[in-house]
Amino acid sequence: MTNKTRGKRGKVVSYNKWGYIFLIPFILTYIVFQLIPLISTIYNSFFENYRSGLMQIGPNFIGLENYKSLLSNPDIWVYTQNTLIMWVMGFIPQIIVSLLLASWFSDPQLRLKCAGFFKTIIYLPNLIMASAFAMLFFTLFADGGPINSILIQLGILNKPFKFMSNIWSVRGLIALMNFLMWFGNTTILLMAGMMGIDTALFEAASVDGATSTQIFYKITLPLLKPILLYVMITSLIGGLQMYDVPQVLTNGTGEPMRSSMTLIMYLNKHLYSKNYGMGGALSVILFFITGILSLLVFRFSNYKKS
Amino acid sequence: MKMRKFKNVVALSLAGILTTAALAGCGSSPAAESSPAPAEETTAPETAPTETASEAPAEADVSSGGDEGSILNIYCWNEEFKSRVTDHYPGYEAVDGTTGKIGDVTVRWQITPNDDNAYQNNLDETLLKQEGAAADDKIDIFLVEADYALKYVDTPYTMAVSDLGITDADVANQYQYTKDIVTSSDGTLKGISWQGCPGALFYNREAAKEVFGTDDPAEVQKKVADWDTFVATAEELKAAGYNIMSSVNDSYRVYSNNVTSKWVVDGKINIDENIMKWVEDSKALFDKGQTTSAELWSDDWSKGFYPEGKVFCYFGPAWLVNFSMAADQEGSIGNMGGWGITEGPQGFYWGGTWICAAAGTDNPTLVKDIMLKLTTDESIMKEIVVQDDDFVNNKPAMEAMATDTGYSSKILGGTNPLAMYCAGAESIDLSNLSSYDQGCNEEFQNAMKNYFEGNATLDEALNLFYTAVIEKYPELTY
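Chains as they are written, first to last, in the working numbering: chain X, 3 to 308; chain F, 73 to 550.
1) 7 Å is my cut-off, CB to CB: does X/THR255 come that close to chain F?
2) Just to confirm the assignment: which complete beta strand (DSSP E) runs, minimum length 3, are found wholly within the stretch 524-548 of chain F?
3) Taking F/THR227 as the query, report the chain X residues whose CB atoms sit under 9 Å from its CB, ordered along the chain.
4) For X/GLY146 and chain F, any beta-carbon pair shorter than 7 Å?
5) Shorter than 7 Å from the beta carbon of F/SER257 to some beta carbon of chain X?
6) Please go through the same chain and pick out, in chain order, the residues whose beta-carbon is closer than 8 Å to the beta-carbon of F/ALA96, but skip the five residues on each side of it.
7) F/LYS223 versus chain X: which residues are under 8 Å apart at the beta carbon?
8) So, with DSSP's three-state summary, where would you put F/ALA205?
9) Determine the closest residue to F/ALA221 out of F/VAL283, F/VAL233, F/GLY237 and F/GLY263, with distance taken between C-alpha atoms.
10) By Cβ distance below 6 Å, which residues in the same chain neighbour F/ARG277 in space, the five residues on each side in sequence not counted?
11) Can you tell which of X/ASN150, X/ASP77, X/ILE97 and X/GLN36 has its C-alpha closest to the C-alpha of X/LYS227?
12) Starting from the Cα of X/LEU103, find the closest Cα among X/GLY279, X/GLY157 and X/GLY195 and give me that residue.
13) Just to confirm my understanding: we take X/MET91, look at its own chain, exclude 5 residues before and 5 after, and list those with CB closer than 6 Å. What are they?
14) Starting from the beta carbon of X/ARG260, find every residue of chain F whose beta carbon is closer than 7 Å, and list them in chain order.
15) Is it the case that the Cβ atoms of F/PHE420 and F/GLY271 are separated by a distance below 7 Å?
16) Where X/ASN160 and F/LEU446 are concerned, what is the direct C-alpha to C-alpha distance, given to the nearest angstrom?
17) Exposed or buried, F/SER328, counting other C-beta atoms within 10 Å across all chains shown (16 or more means buried)?
18) Quick one: list the residues of chain F neighbouring X/LYS271, beta-carbon separation under 7 Å, in chain order.
19) With a CB to CB cut of under 6 Å and the five nearest residues on each side skipped, what residues in its chain are close to F/ALA166?
20) Along the chain, where does the alpha helix (DSSP H) containing X/ASN62 start, and where does it finish?
21) Can you name the residues that DSSP bridges to F/ASN276?
22) Taking X/TYR278 as the reference, which of X/ASN51, X/PRO76, X/PRO39 and X/TYR245 has the closest Cα?
23) Let me know the secondary structure DSSP gives F/CYS269 once reduced to three states.
24) Which partner residues does F/GLY388 have in the DSSP bridge list?
25) What residues of chain X sit near F/PRO436, judged by a beta carbon separation below 8 Å?
26) Can you pull the chain X neighbours of F/ASN194, defined as C-beta to C-beta under 7 Å?
27) Identify every run of the alpha helix (DSSP H) within the stretch 444-511 of chain F, keeping only runs that are complete inside it and at least 4 residues long; order them along the chain.
28) Counting contacts by CB-CB distance shorter than 7 Å, is X/ASN277 in contact with chain F?
29) Can you pull the chain F residues whose beta carbon is under 8 Å from the beta carbon of X/TYR274, in chain order?
30) Under 7 Å between the Cβ atoms of F/CYS385 and F/LEU273?
31) Taking 7 Å as the threshold (beta carbon to beta carbon), is F/SER507 in contact with chain X?
32) Exposed or buried, X/SER296, counting other C-beta atoms within 10 Å across all chains shown (16 or more means buried)?
33) To which residues of the same chain is X/PHE93 closer than 6 Å at the C-beta, ignoring the five residues directly before and after it?
34) Starting from X/ASP77, find everything on chain F with Cβ-Cβ shorter than 9 Å and list it in chain order.
35) Looking at the unbroken beta strand (DSSP E) that takes in F/ASP168, where does it start and where does it end?
36) Does the beta-carbon distance from X/SER167 to X/PRO248 come in below 7 Å?
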């Protein structure tokens, strides 16, 4: 944000105050809905504060006790791992399919028919509510659900496969749903990036006799890097906050054996007892994990560039 | 140019990171506001507030109904109680979907569905604010279920029924177990129910004829008389292609109602022998493919409502077979009158709704009258049995109807099941309830599913259970 205002100041000084005035709504919303909750979350994380039945326990100041008990328990790392595994499982196919689709859609030589129609279609899964989508998959892949009956009738299986009782099928389904919901969105972002590349470069390359594979790897990909990085960071942040799909699909249990329990689902577990202390501590840890991972991705890609 | 855009993108995404934590922390902000309250609540919960609560209605009782509040707020989770009041409480007029009128008093129905604990969350928040609420906003009546009744009953937020003027003699005809559930740990009765939900075993008559050669309840009972026989019978049924139960979760209540110790003893989680017996029996049945691990109410679980589902029996109370087993669907077993009823291995109950008066109610006389009319008035209760197929909480009335040949259930092939239910209701012993039951029962079944399905060893599953319970009740240890 500071970047933007500083840029403006150099050019049009007289309009400076309007800049601030227009920023007021954002700053206000930010303070009320983000900064204050953020600070109070950190504050709350130092207290023992929960409800047992109708009885309130605390708040008693206990220092870093919540962090200690969270970090000494290996569970939180298991849930972090689950979250990342499911994110990667969804992100890799997502980025591959999106790159492919985006390069097809943005390649004028292919002369695709009804491109507008297909661009809309691939975005549609994102319009369904995640919970409804998860509910749909839950029904489709139930032990006696339609997918199992089809597989049995085709003779592929001889008894129903328990999709919901197998670690990798549950994770796979969650990744598949996230992939389906988000590849359209990513495609559109990448397409915008690709269209921003100077067509003269492509023309020059083809005049020099480059094949389309070479053009893709030597021109499109390198110039697309900033957008790819953006897609990756936003998807990582979204991925770490993965909640609705696995929550609804596994009915909040993260079954089997909590192998599909994500960090936010774990956070939600603490809200049953209104455990603000533990929930706060977990949120703060999550904040740091997200921050560190985003910085790593950013540093890593930036380093290569310079 | 591109570089600047790129930097903006980075700035945006960093703002996104902030959002993450901010959103994740959203739940925490009310904590600060609610923190001043607990001091009063934690200190001596039984004594001080109860007195104030009981004095108010006593005064109100003296002055007649005229001085009482003009709005009766009823908190519940579905339409059941509302339809009982609408159909059977004299003088109730429905105004629209969520309001009604009794004389001059407006009845406001605050219905929050049970899903995801929403009902209790809403009730908790409102009850905690009860003291400061305006008279018209105060909760007057709220309903509870057995699984979590003690959570409310053991607090000063629930009024003793004796404070309303209901005497032991008024409730003498009610089944003891229905009173046990809503009796606080110091022995005061704090709620009242119009229904009893003793369970029985419903078996598929066709299957019984095919496998045992008879569908006579006495003969079938011999095959399911205790758990070891039950497991042995499962083998016999499997040979004929039947699963003995739809799911391992079907029999859970039967075992868990017959425990000899509580879930929590001195702040430590305790697993009763009978619960472990359930694990052992269920694992055996599951491994031999004689039942499944389907969740109750799932499609897979409901398959046995139809003959093609090939399920021998379900455990349940009257309402299950009457309303929840697809009896209104063409082709279901219930529709053809194909269920038989017998006692099963152990007595149990399932469900039931209790009426509790909230401390601080401004309509004590009306609350008392609703309680008495619906739960003790014999003619109204008989009406409920006949019209709604409910099993009511009135021993003499039910026993009289059990011998009445005019009353029969079509779903159960024209037999009168009441004698079976009556026997069940007498045998239920609920001395081992605790306020942790709901969370423990839920988490135990969730955790054990992993063991049954082979995704965990018994120890791993038990550890998962302990972890999950401690998340729900941080004050416990194991």
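Where a beta carbon is used, it is the ideal one built from N, C-alpha and C, also for glycine.
So, to answer that:
1) By one-based count along the first sequence, residue 255 of chain X stands at place 253. Closer than 7 Å to some Cβ of chain F, the Cβ of X/THR255 qualifies, so yes.
2) Listed in chain order, nothing qualifies, since the stretch 524-548 of chain F has no complete beta strand (DSSP E) run of 3 or more residues.
3) For the purposes of this step, residue 227 of chain F is taken as residue 155 along the second sequence, with counting starting at 1. Within chain X, the residues whose beta carbon sits less than 9 Å from that of F/THR227 are GLY55, LEU56 and MET57, listed in sequence order.
4) By 1-based counting over the first sequence, the position of residue 146 of chain X is 144. By this cut-off, X/GLY146 is an interface position.
5) Within the second sequence, residue 257 of chain F is the residue found at index 185, counting from 1. Residue-level contact check: F/SER257 does not touch chain X, since none of the beta carbons of chain X fall below 7 Å from its beta carbon.
6) Working through the second sequence from its first residue, we reach residue 96 of chain F at position 24. Only weak support is given to the placement of F/ALA96: the predicted model assigns it a pLDDT of 44, under 50, and the value that follows is read from those uncertain coordinates. Cβ neighbours of F/ALA96 within its own chain (closer than 8 Å, five residues either side excluded): none.
7) Numbered from its first residue, the second sequence carries residue 223 of chain F at position 151. Within 8 Å Cβ-Cβ: GLY55 and LEU56.
8) Here residue 205 of chain F refers to the residue found at position 133 when the second sequence is read from its first residue. If DSSP states are grouped into helix, strand and coil, F/ALA205 belongs with coil.
9) Your numbering for residue 221 of chain F matches position 149 in the second sequence. Among F/VAL283, F/VAL233, F/GLY237 and F/GLY263, the Cα nearest to that of F/ALA221 is on F/GLY263.
10) Counting from 1 along the second sequence, the entry for residue 277 of chain F is found at position 205. The beta carbon of F/ARG277 sits closer than 6 Å to those of ASP287, GLY410 and GLY412, all from its chain and outside the five residues before and after it, given in chain order.
11) The residue labelled residue 227 of chain X in the question sits at position 225 within the first sequence. Nearest of X/ASN150, X/ASP77, X/ILE97 and X/GLN36 to X/LYS227, Cα basis: X/ILE97.
12) Start at 1 with the first residue of the first sequence, and residue 103 of chain X comes out as number 101. That would be X/GLY195, whose Cα lies nearest to the Cα of X/LEU103.
13) On the first sequence, residue 91 of chain X is found 89 positions in, with the first residue counted as 1. So the list reads ALA177, once near-sequence residues are dropped.
14) One-based indexing of the first sequence puts residue 260 of chain X at position 258. By Cβ distance, chain F contributes LEU536.
15) Translated into the one-based positions of the second sequence, residue 420 of chain F becomes position 348. Translated into the one-based positions of the second sequence, residue 271 of chain F becomes position 199. Against a cut-off of 7 Å, the Cβ pair of F/GLY271 and F/PHE420 comes out as a contact.
16) Counting from one through the first sequence, the residue named residue 160 of chain X turns up at place 158. Counting from one through the second sequence, the residue named residue 446 of chain F turns up at place 374. Going by the C-alpha atoms only, they are around 54 Å apart.
17) Translated into the one-based positions of the second sequence, residue 328 of chain F becomes position 256. Buried.
18) Translated into positions along the first sequence, residue 271 of chain X becomes position 269. Per Cβ cutoff of 7 Å: GLU543.
19) The count along the second sequence starts at 1 and reaches residue 166 of chain F at position 94. Excluding positions up to five away in sequence, the list reads THR158 and GLY172.
20) Taking the first sequence and counting its residues from 1, the one referred to as residue 62 of chain X is at position 60. Judged by DSSP secondary structure, X/ASN62 falls outside any alpha helix (DSSP H) and instead within the beta strand (DSSP E) spanning 57-63.
21) Counted from its first residue, the second sequence places residue 276 of chain F at position 204. DSSP output for F/ASN276 lists F/TRP411 as bridge partner(s).
22) In the first sequence, residue 278 of chain X corresponds to position 276, counting from 1. Cα-wise, what sits closest to X/TYR278 is X/ASN51.
23) As a working note, residue 269 of chain F is residue 197 in the second sequence. Looking at F/CYS269 - three-state DSSP - the assignment turns out to be coil, as it is neither helix nor strand.
24) Counted from its first residue, the second sequence places residue 388 of chain F at position 316. Per DSSP, F/ALA272.
25) The residue labelled residue 436 of chain F in the question sits at position 364 within the second sequence. Against F/PRO436, chain X offers no close residue; the least beta-carbon distance is about 21 Å (beta-carbon pairs closer than 8 Å).
26) Position 122 of the second sequence, counting from 1, holds the residue named residue 194 of chain F. Neighbours of F/ASN194 on chain X: none; closest Cβ ~13 Å, over 7 Å.
27) With a minimum length of 4 residues, the continuous alpha helix (DSSP H) runs that stay inside the stretch 444-511 of chain F are 450-460, 467-474 and 490-499.
28) In the first sequence, the residue the question calls residue 277 of chain X occupies position 275. For X/ASN277, the closest Cβ of chain F is nearer than 7 Å.
29) For the purposes of this step, residue 274 of chain X is taken as residue 272 along the first sequence, with counting starting at 1. Residues of chain F passing the Cβ test: ASN189, GLY511, GLU543 and LYS544.
30) As a first step, residue 385 of chain F is located in the second sequence; it is residue number 313 there, counting from the start. As a first step, residue 273 of chain F is located in the second sequence; it is residue number 201 there, counting from the start. Between F/CYS385 and F/LEU273, the gap from beta carbon to beta carbon is short of 7 Å.
31) Within the second sequence, numbered from 1, the residue matching residue 507 of chain F stands at position 435. Output row for F/SER507: interface = yes.
32) Here residue 296 of chain X corresponds to residue number 294 of the first sequence, with the count starting at 1. When all chains shown are included, X/SER296 counts as buried.
33) What you label residue 93 of chain X is simply residue 91 of the first sequence in a count that begins at 1. Counting only Cβ-Cβ distances below 6 Å, and skipping sequence neighbours, we find SER237.
34) Here residue 77 of chain X is taken as the residue at index 75 of the first sequence, counted from 1. Ordered by position in chain F, the residues that pass the 9 Å Cβ test against X/ASP77 are THR539.
35) Reading the second sequence from its first residue, position 96 is the one you call residue 168 of chain F. It spans 164-168 - the beta strand (DSSP E) in which F/ASP168 sits, taken as one unbroken run.
36) Looking up residue 167 of chain X in the first sequence gives position 165. Looking up residue 248 of chain X in the first sequence gives position 246. Against a cut-off of 7 Å, the Cβ pair of X/PRO248 and X/SER167 comes out as no contact.
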